[in-house]
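Take a look at the structure set out below.
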Amino acid sequence: MATHDDANAFLKQLVRSYDSSTHGLGSTGVSLYDTAWLSIVTRTIDDAGTKSWVFPQSFEYICNAQAEDGGWHGDGSLIDSIMNTLVSLFSLKLHEKADSQSNLSDKVEKAKLFLTDALQKWDVPSTERIAFELIIPRVLQFLEDEGIYFEFPHREALENLRNRKLKTLDLGLVYRMQTPVLYTLEAFVGVLDFDRLGGLKIDGHFCASPASTAAYLTYCSTWDEEAENYLRQMLRRCSIYGEGAACTIWPTSVFELAWPIGTLIESGFGRDELDEPTLQRAAEILHSALAIGKGVTGPLLHAFPDADDTAKAVTALRYIGQPHPIEPLLKTFERPDYIMCQQFERNPSFSANCNVLIALQALPQPQDYFPQILKIINFVTGAYSSARHVEEVRDKWHTSPWYLAMLATKGFARFVHLYDKGVYQGVDVPEELITYTIPKTLFQFLADILQSQHKDGSWGSNPNIEETAYCVLALAHLTSLPYDITIRRKVAEVIGVAREYLKANADDSKLIKPRSQIWTSKVTYGLENICQGYALSALRVPVQVESSDSMLSSELAGYFTKASLE
Numbered sequence: 047m048a049t050h051d052d053a054n055a056f057l058k059q060l061v062r063s064y065d066s067s068t069h070g071l072g073s074t075g076v077s078l079y080d081t082a083w084l085s086i087v088t089r090t091i092d093d094a095g096t097k098s099w100v101f102p103q104s105f106e107y108i109c110n111a112q113a114e115d116g117g118w119h120g121d122g123s124l125i126d127s128i129m130n131t132l133v134s135l136f137s138l139k140l141h142e143k144a145d146s147q148s149n150l151s152d153k154v155e156k157a158k159l160f161l162t163d164a165l166q167k168w169d170v171p172s173t174e175r176i177a178f179e180l181i182i183p184r185v186l187q188f189l190e191d192e193g194i195y196f197e198f199p200h201r202e203a204l205e206n207l208r209n210r211k212l213k214t215l216d217l218g219l220v221y222r223m224q225t226p227v228l229y230t231l232e233a234f235v236g237v238l239d240f241d242r243l244g245g246l247k248i249d250g251h252f253c254a255s256p257a258s259t260a261a262y263l264t265y266c267s268t269w270d271e272e273a274e275n276y277l278r279q280m281l282r283r284c285s286i287y288g289e290g291a292a293c294t295i296w297p298t299s300v301f302e303l304a305w306p307i308g309t310l311i312e313s314g315f316g317r318d319e320l321d322e323p324t325l326q327r328a329a330e331i332l333h334s335a336l337a338i339g340k341g342v343t344g345p346l347l348h349a350f351p352d353a354d355d356t357a358k359a360v361t362a363l364r365y366i367g368q369p370h371p372i373e374p375l376l377k378t379f380e381r382p383d384y385i386m387c388q389q390f391e392r393n394p395s396f397s398a399n400c401n402v403l404i405a406l407q408a409l410p411q412p413q414d415y416f417p418q419i420l421k422i423i424n425f426v427t428g429a430y431s432s433a434r435h436v437e438e439v440r441d442k443w444h445t446s447p448w449y450l451a452m453l454a455t456k457g458f459a460r461f462v463h464l465y466d467k468g469v470y471q472g473v474d475v476p477e478e479l480i481t482y483t484i485p486k487t488l489f490q491f492l493a494d495i496l497q498s499q500h501k502d503g504s505w506g507s508n509p510n511i512e513e514t515a516y517c518v519l520a521l522a523h524l525t526s527l528p529y530d531i532t533i534r535r536k537v538a539e540v541i542g543v544a545r546e547y548l549k550a551n552a553d554d555s556k557l558i559k560p561r562s563q564i565w566t567s568k569v570t571y572g573l574e575n576i577c578q579g580y581a582l583s584a585l586r587v588p589v590q591v592e593s594s595d596s597m598l599s600s601e602l603a604g605y606f607t608k609a610s611l612e
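First residue of the sequence shown: 47, per the working numbering; consecutive thereafter.
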């Protein structure tokens, strides 16, 4: 079991890392995609127009990372392999042309062969990556300028997606304010005037994106020392993965403070066990982020806001005892049928809705927000209603089905307990929701999680400690419900095996491996601090095996018994 000393050492390290960096906190692992963008940055060094590569170590890293089949694979998913390989091939062609490097021809040909095959297999409509429909068409254009053309079955579908997305964007706004476009400037080379964007940088970067910042630095006409300095500091942070390695987002201060603090406290670490000065310093940082955003925030201070980070920050502050109002979140992101994660998004996020659900139910009077609570529960349970297995429901921000299942379990179980205590007595709770929908969905989580554990105690298509921690947390929260004693004993046994796996593989949180790249952005990524926070929480969260007073009333208990028998 994780001790309060473990949790305090971890939280102190987070705050110390934030305070010791000019940019803030960030522990994201390596991204081949972003590294490739850094490898193409050049700077004019004399009046004759001679150009020099600014980050040669990044190009060397890319050259060394090419797989035998010609691709650059990252987490191993097809879409990440395509994204990584397209930009890496572009870098190879630029270096080959500029430096007359004939020794790159073999790498170029292998990359072309890999992409020819991979693009034939790519199912565009089912792809979930940030702005892939804008980025990939632009890189394909870059490659066509270099004489490389790829034809594939879904190319027309990709172009249609791109055109639809562009129609939703007011590019005139980009020059005046922070918008999500700044996170993907590499997709807008030749479309936007990069020379007009310099004033929108924050601490030298655009939306904490190394790739976007590198593209800006490459294609603006005036050299930007501040942007170069940001990229060099990011490279120093990522040097533990190799010289020249870049990450896909840095820093992520709000993300890496709010997620662990909230999860640790939800998992049984008492406020009196945690170091008060550390929590108060974290609260100052989170309050600052929310103040800057006028009540909403993104993954770092000054970032484009989203409902996900705002909900987690508000929840963490509530647990710390420094509450912040949730009304700005609802005013900014609430829509008729769900909570929008961020403006201009192509599709909503289930996990962001679950985090808002948890935030609303952490308030002193959650019944005042019952319309929003009901809206979220209906939205999320609706996704699972026709699914034969939890793994069929996927979220846009995460490749793991267990992350969403864990968050939904927390939110739904909390709703049931509050209902049982009479908190929602004065509002019109649909009878079917409490008698059938929630019990059925939660039992589906329980059964699917139990059946999906690997023999070594882990979970995940590529077993890793973070997904294993999600499943432990979900199962532990499910033991607060009145399932049969044999089920709860089985859950306790499964959690015991999982915790042994977590302890045996604890070092995996110190250096993100490809199998732990389960968060979704332009490509997948992992974060050391997020992984460690979940692992510590999974080792601490209480498991209720025997019946206790915290179980539900006999009336509600019957609905969970019935769900487990159907």
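We treat Cβ as the ideally placed atom computed from N, Cα and C, and that holds for glycine.
Where residue i sits in the DSSP three-state scheme
{"i": "R208", "result": "helix"}
{"i": "D352", "result": "strand"}
{"i": "Y276", "result": "helix"}
{"i": "T294", "result": "coil"}
{"i": "L180", "result": "helix"}
{"i": "T173", "result": "coil"}
{"i": "E190", "result": "helix"}
{"i": "N393", "result": "coil"}
{"i": "H614", "result": "Outside the displayed range of the chain (47 to 612) lies residue 614, so it cannot be described from this structure."}
{"i": "T225", "result": "coil"}
{"i": "T268", "result": "coil"}
{"i": "Y195", "result": "coil"}
Presumed contact (8 Å Cβ cut-off) between residue i and residue j, rounded CB distance
{"i": "S137", "j": "I91", "result": "Not really, about 20 Å apart at Cβ, beyond 8 Å."}
{"i": "L320", "j": "N54", "result": "6 Å"}
{"i": "C253", "j": "F101", "result": "With a Cβ gap of about 20 Å, C253 and F101 do not count as contacting."}
{"i": "S383", "j": "F425", "result": "First, the residue type needs correcting, since residue 383 is Asp and not Ser in the sequence shown. The Cβ separation is near 6 Å, so the contact holds."}
{"i": "A408", "j": "P528", "result": "Rounded, the Cβ-Cβ distance is 23 Å, inconsistent with contact."}
{"i": "L135", "j": "E142", "result": "Contact doesn't hold; Cβ gap of about 10 Å is too wide."}
{"i": "A335", "j": "V300", "result": "5 Å"}
{"i": "L303", "j": "L582", "result": "That pair is no contact at about 15 Å."}
{"i": "A538", "j": "P588", "result": "Not quite, the Cβ-Cβ distance comes to about 11 Å (not below 8 Å), so this is no contact."}
Residue range of the unbroken beta strand (DSSP E) whose run includes residue i
{"i": "T88", "result": "88-90"}
{"i": "W305", "result": "First-last for W305: 299-312, but that is the alpha helix (DSSP H), not the beta strand (DSSP E)."}
{"i": "W11", "result": "With the chain covering 47 to 612 only, the question about residue 11 has no answer from this structure."}
Whole-angstrom distance between residue j and residue i, CA atom to CA atom
{"i": "I576", "j": "W305", "result": "7 Å"}
{"i": "R440", "j": "P394", "result": "11 Å"}
{"i": "S600", "j": "P417", "result": "27 Å"}
{"i": "T96", "j": "E197", "result": "35 Å"}
{"i": "R222", "j": "L246", "result": "8 Å"}
{"i": "Y613", "j": "W565", "result": "Since the displayed the chain opens at 47 and closes at 612, residue 613 lies outside it and no answer follows."}
{"i": "V76", "j": "L124", "result": "18 Å"}
{"i": "L231", "j": "Q224", "result": "12 Å"}
{"i": "D121", "j": "C109", "result": "18 Å"}
{"i": "K501", "j": "E190", "result": "48 Å"}
{"i": "Q563", "j": "P509", "result": "11 Å"}
{"i": "W83", "j": "D169", "result": "25 Å"}
{"i": "S555", "j": "A94", "result": "49 Å"}
{"i": "V237", "j": "R184", "result": "10 Å"}
{"i": "F606", "j": "A48", "result": "31 Å"}
{"i": "A113", "j": "F160", "result": "10 Å"}
{"i": "K158", "j": "T81", "result": "19 Å"}
{"i": "A153", "j": "A164", "result": "According to the sequence provided, residue 153 is Lys. The question's Ala does not apply to it. Using only the alpha carbons, I get a separation of about 16 Å."}
{"i": "L217", "j": "P226", "result": "11 Å"}
Endpoints, the alpha helix (DSSP H) within which residue i is located
{"i": "K536", "result": "531-550"}
{"i": "K167", "result": "151-167"}
{"i": "C577", "result": "574-586"}
{"i": "F240", "result": "It is not in any alpha helix (DSSP H) - F240 carries neither H nor E in the DSSP assignment."}
{"i": "R327", "result": "322-338"}
{"i": "Y107", "result": "102-111"}
{"i": "E384", "result": "Here residue 384 is Tyr; the residue named in the question, Glu, does not match the sequence. Counting along the chain, Y384 falls outside any alpha helix (DSSP H), and DSSP gives it neither H nor E."}
{"i": "L263", "result": "256-265"}
{"i": "H141", "result": "124-145"}
{"i": "T81", "result": "78-84"}
{"i": "R62", "result": "50-66"}
{"i": "E512", "result": "511-524"}
Chain E within 7 Å of residue i, Cβ atoms only
{"i": "D321", "result": "Within the model displayed, chain E is absent; a lone protein chain is all it includes."}
Starting from the N-terminal side, write out each stretch of the alpha helix (DSSP H) that is 4 residues or longer and does not extend beyond the stretch 410-438. 416-431
Runs of alpha helix (DSSP H) lying entirely within the stretch 436-496, each at least 4 residues, in chain order: 447-466
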